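Number of protein chains: 2
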Amino acid sequence: MTESPGVVDLLGVLAYAELSAFLRLAEDAAHLAPTLTDRAVLGELAVAEYAHFELLRDRLLSLGADPDKAMSPFVEALDEWHLKTTPGDWLEALVKAYVGTGIALDFYREAARRLDPAIADLVDEVLMDEGRSAFAVERVRAAVEADPTLTGRLALWARRLVGEALSQGQRVAAVRPELAQLLVEAVHDDQAEISRLFARLTEEHGKRMAALGI
Amino acid sequence: MTESPGVVDLLGVLAYAELSAFLRLAEDAAHLAPTLTDRAVLGELAVAEYAHFELLRDRLLSLGADPDKAMSPFVEALDEWHLKTTPGDWLEALVKAYVGTGIALDFYREAARRLDPAIADLVDEVLMDEGRSAFAVERVRAAVEADPTLTGRLALWARRLVGEALSQGQRVAAVRPELAQLLVEAVHDDQAEISRLFARLTEEHGKRMAALGI
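Written out as structure tokens, the structure is:
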């Protein structure tokens, strides 16, 4: 069902999510990384996001869509999310790279389930974790173990990331009903399926928090 | 002559120059690009700089050098250069990507001439232009043609980029005499060769200014 009215929206929001993640990770690497090695590793994650952006842009072009037009409805919400979740220090940047991005990606993955398998595969490919976890988890765990008083602040920060994501997500859903429809299409008559969807999202988020030790 | 005392310094300064160019270009793309296409194109140039950083880091490792240690003497001067030449708008960002980086690269290229050919080839590879020119030149020329009053401001900006580069270059030369030595090694007894070196640098800078139409 590549003709689904939500598919260009989904690829568009995902393309801009990757482009803006690339730019913000680079910015956090420049300003917050405590060592040159950390700066280079976060830079490498940023570059991986750019490669994803290119895949999505090329797919939009091959569908005959204009990538700029496909991305533009989502620029404001995503820029706003980044603005409201600008990390104050290196640990917040790592938690954002892992938890904040993780929950957004879970949503995209759920939406992609309803699509043409070729599109769903592309979405899966660009959503692959690629070492983001290992890098962030290892460093945050070590910091929290060394100073357990960090736990409260970082847990609060993670909740804020999720809260702001939900708030921007609602905003997007309001202006792009086709996209929201993708997420609930298969489930809107099935209360149990909706519960399972939220259970999956909550479970994945819980796993990430546990992995970080916060 | 890979054993030249300046070679690790040259690869180190170049590695940090590429890493910081990557991060600053991404930042300019995020904050100053007027369209999503411009943002993506400047992002692509940033990603190319990261690939160069990786080549240089790998070469440092293969020489038995610690990349962090090799880069660290140059972090302050390069960060300071970027801080003092933070572009105020998109055109300034393009002029910086082309003129500012260009003159720095000319210096690195001159230094690399005195080295082992394998190292000189690597330096040439990472200094390749890769479309930076075409992209910046095309957009700046179009802007200046549309509004000739921009010429004065952008020409002044270009002079400032060069002035700040020379000032940071002197600072680096003072603390890393081995690196400065590379540049003047073959020429220090030959006044005519020094004149030719400066003539080459000035000529290249002049060509870039003419290409931009400023």
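Chains as they are written, first to last, in full-length UniProt numbering: chain A, 1 to 214; chain B, 1 to 214.
In this text, a Cβ means the ideal position worked out from N, Cα and C, and glycines have one as well.
Quick caveat, the model's predicted, so the values are computed rather than measured.
At a Cβ-Cβ threshold of 8 Å, V137 (chain B) and Y108 (chain B) do not count as neighbours. In the assembly as shown, F198 (chain B) is an exposed residue. Its beta-carbon has fewer than 16 other beta-carbons within 10 Å. Taking a C-beta distance under 8 Å as the contact criterion, L56 (chain A) and L91 (chain A) do not qualify as a contact pair.
Judged by DSSP secondary structure, D9 (chain B) falls within the alpha helix (DSSP H) whose first and last residues are 7 to 32. For G213 (chain B), there is no enclosing alpha helix (DSSP H), since its DSSP letter is neither H nor E.
Contact note: E27 (chain A) reaches chain B through L23, A26, E27, A30, using a C-beta cutoff of 8 Å and chain order. Against chain B, a Cβ distance below 8 Å from S72 (chain A) picks out L36. Counting the other CB atoms within 10 Å of its CB gives P34 (chain A) a total below 16, which places it among the exposed residues. Its chain contains V162, A165, H205 as the residues whose beta carbon lies nearer than 6 Å to that of I103 (chain B), once the 5 sequence neighbours on both sides are disregarded; these appear in chain order.
Within a 10 Å sphere around the beta-carbon of V175 (chain B) sit fewer than 16 other beta-carbons, which makes this residue exposed. Here DSSP, grouped into helix, strand and coil, assigns P73 (chain A) to helix.
When the beta-carbon positions are compared, L182 (chain B) and L10 (chain B) come within less than 8 Å of each other. DSSP places V175 (chain B) in the uninterrupted alpha helix (DSSP H) bounded by 150 to 175.
When C-beta distances to chain A are compared with 9 Å, every residue of the region 136 to 154 of chain B stays at or above that value. In the DSSP assignment, P117 (chain A) falls within the alpha helix (DSSP H) that extends over 117 to 126. Within a 10 Å sphere around the beta-carbon of K207 (chain A) sit fewer than 16 other beta-carbons, which makes this residue exposed. The residues F22, in chain order, have a CB closer than 8 Å to that of V47 (chain A) in the same chain once the five nearest residues on each side in sequence are set aside.
With fewer than 16 other CB atoms across the displayed protein chains lying within 10 angstroms of its CB, T86 (chain B) is exposed. The Cβ atoms of L60 (chain B) and A70 (chain B) lie closer than 8 Å to each other.
Take the alpha-carbon of L127 (chain B) and the one of L105 (chain B): they are about 6 Å apart. If the five residues before and after L19 (chain A) are omitted, its C-beta is found closer than 6 Å to the C-beta atoms of F53, all from its own chain and listed in chain order. Against chain A, the CB of V47 (chain B) has a partner CB under 8 Å away; the residue lies at that interface. For the set A:D121, A:Q168, A:P148, the Cα lying nearest the Cα of L212 (chain A) is the one of A:P148. The Cβ of D68 (chain A) sits closer than 8 Å to at least one Cβ of chain B. Of B:L45, B:G12, B:E178, B:A29, the smallest CA-CA separation from A134 (chain B) is found for B:L45. For E49 (chain B), the number of other beta carbons within 10 angstroms of its own is at least 16, and it is reported as buried. Judged by DSSP secondary structure, D38 (chain A) falls within the alpha helix (DSSP H) whose first and last residues are 36 to 62. Annotated three-state conformation of A142 (chain B) is helix, per DSSP. Going by C-alpha positions, H31 (chain B) is about 18 Å away from P73 (chain A).
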